[in-house]
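A.B. asks: My questions will all concern the structure given below.
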Amino acid sequence: MHDPVVRDAVIIRQCLAVDSSFHGATEIICSRTHSQMQSIKEVYLSKFGASVDHDVEAHTSADHKKILLAYLNNPRDESDEVDMEQAGKDAKALYKVGEKRFGTDEDTFIKIFSERSAPHLVAVNSYYNHVHGHSLKKAVKNETSGHFRHALLTIVQCAENPAKYFAKVLYKSMKGLGTDDVTLTRVIVTRTEIDMHYIKIEYFKKYHKTLNDAVHSDTLGHYRDFLLQLLGPNV
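The opening position of the sequence shown corresponds to residue 17 in the working numbering, with each subsequent residue numbered one higher.
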């Protein structure tokens with residue numbers, strides 16, 4: 017199975033309907049562009065006879081469900097142009113409904129995070145950091161929790177630097193005793209053709225060890241060979 021769209025559809029289905037492993041489904045949905053998700057949705061419906069929306073509705077709940085459905089369906093600007101005035105307004109709105117008050121208006125977070133382009137969210141983060149002295153990522157951590165927090169963090173971190181985000185996911189999958197083989201395999205398989213070279217650079221920069229060496233230390237046999245073949249040469 018080499019088609020990335022088919023592969024993503026299968027992983028989402030497995031995560032939602034079989035394993036109830038929402039991290040994997042959230043990670044894929046919230047790190048893909050709007051046009052990529054439309055292709056995945058078409059393949060998903062054709063292959064499984066049910067829509068992604070249906071399975072998200074059936075297997076997730078509360079604000080986590082809302083952000084996934086919004087990210088699947090809301091039209092999202094994919095241009096590189098940023099309206100700096102609007103970015104400032106969005107940053108103010110997020111502060112007003114989040115850290116400024118007791119209790120969080122999650123719907124405002126969902127609207128902005130699901131409708132704005134990646135460059136726009138980077139600008140919102142920059143404005144937020146400048147005015148409030150810390151990042152939008154920290155605000156999300158302060159104001160949200162659980163699978164909803166994971167979705168928002170995936171969106172904002174992938175907007176800024178997806179390679180850095182996935183380097184951290186890979187590190188955490190191998191940290192401590194035991195290895196989270198599901199996450200390790202999913203990320204390497206799905207990012208190999210997208211940005212693995214940059215992920216390897218970010219991994220070494222952050223953890224002072226090559227990703228190849230980390231995988232070699234944490235895996236064995238044919239499984240190790242498979243992953244190292246996908247990773248390609250060391251950086």
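Cβ coordinates follow ideal geometry from the N, Cα and C atoms, glycine included.
Using a threshold of 8 angstroms, state whether the C-beta atoms of His136 and Ala103 are closer than that.
C.D. replies: Yes.
A.B. asks: In whole angstroms, what is the alpha-carbon distance linking Lys116 and Asp234?
C.D. replies: Computed Cα separation, rounded: 44 angstroms.
A.B. asks: Taking the continuous alpha helix (DSSP H) assigned at Pro20, which residues delimit it?
C.D. replies: Looking at the DSSP string, the run of the alpha helix (DSSP H) that includes Pro20 is Pro20 to Arg29.
A.B. asks: Looking only at its own chain, which residues have a Cβ that is under 6 angstroms from the Cβ of Ala41, when we skip the five neighbours before and after it?
C.D. replies: Excluding positions up to five away in sequence, the list reads Ile28, Cys31 and Leu32.
A.B. asks: Going straight from the alpha carbon of His146 to that of Glu97, what length do you get?
C.D. replies: Answer to the nearest angstrom: the Cα atoms are 20 angstroms apart.
A.B. asks: Identify which residue in Lys81, Val138 and Ala66 has its Cα closest to the Cα of Gly162.
C.D. replies: Closest option to Gly162, Cα to Cα, is Lys81.
A.B. asks: First and last residue of the alpha helix (DSSP H) that includes Asn145?
C.D. replies: Start and end: Ala134 to His148.
A.B. asks: Return the residue from the list Asn250, Ser130, Leu110 and Asp99 that minimises the CA-CA distance to Ile171.
C.D. replies: It is Ser130.
A.B. asks: Would the beta-carbon of Tyr187 fall within 8 angstroms of that of Tyr144?
C.D. replies: Cβ distance not < 8 angstroms, so Tyr187 and Tyr144 don't count as in contact.
A.B. asks: On a CA-only basis, which of Tyr239, Ala66 and Arg207 is nearest Thr195? Give me that one, please.
C.D. replies: Checked all of Tyr239, Ala66 and Arg207; the closest Cα to Thr195 is Tyr239.
A.B. asks: Any idea if Leu236 is buried or exposed, counting beta-carbon neighbours within 10 angstroms, 16 or more meaning buried?
C.D. replies: Flag for Leu236 reads exposed.
A.B. asks: Let me check understanding here. Comparing Cα to Cα, which of Gln173, Phe182, Val72 and Gly192 lies closest to Ser133?
C.D. replies: Minimum Cα distance to Ser133 is reached at Gln173.
A.B. asks: Provide the residue span of the alpha helix (DSSP H) that contains Ala66, from first to last.
C.D. replies: Looking at the DSSP string, Ala66 is not in any alpha helix (DSSP H), and its letter there is neither H nor E.
A.B. asks: Quick check on this structure: which residue in Asn250, Leu193, Val140 and Val205 has the alpha carbon closest to the alpha carbon of Met100?
C.D. replies: When only C-alpha atoms are compared, the closest one is Val140.
A.B. asks: Do Glu218 and Ala179 have their beta-carbon atoms positioned less than 8 angstroms apart in this structure?
C.D. replies: Yes, Cβ-Cβ distance for Ala179 and Glu218 is below 8 angstroms.
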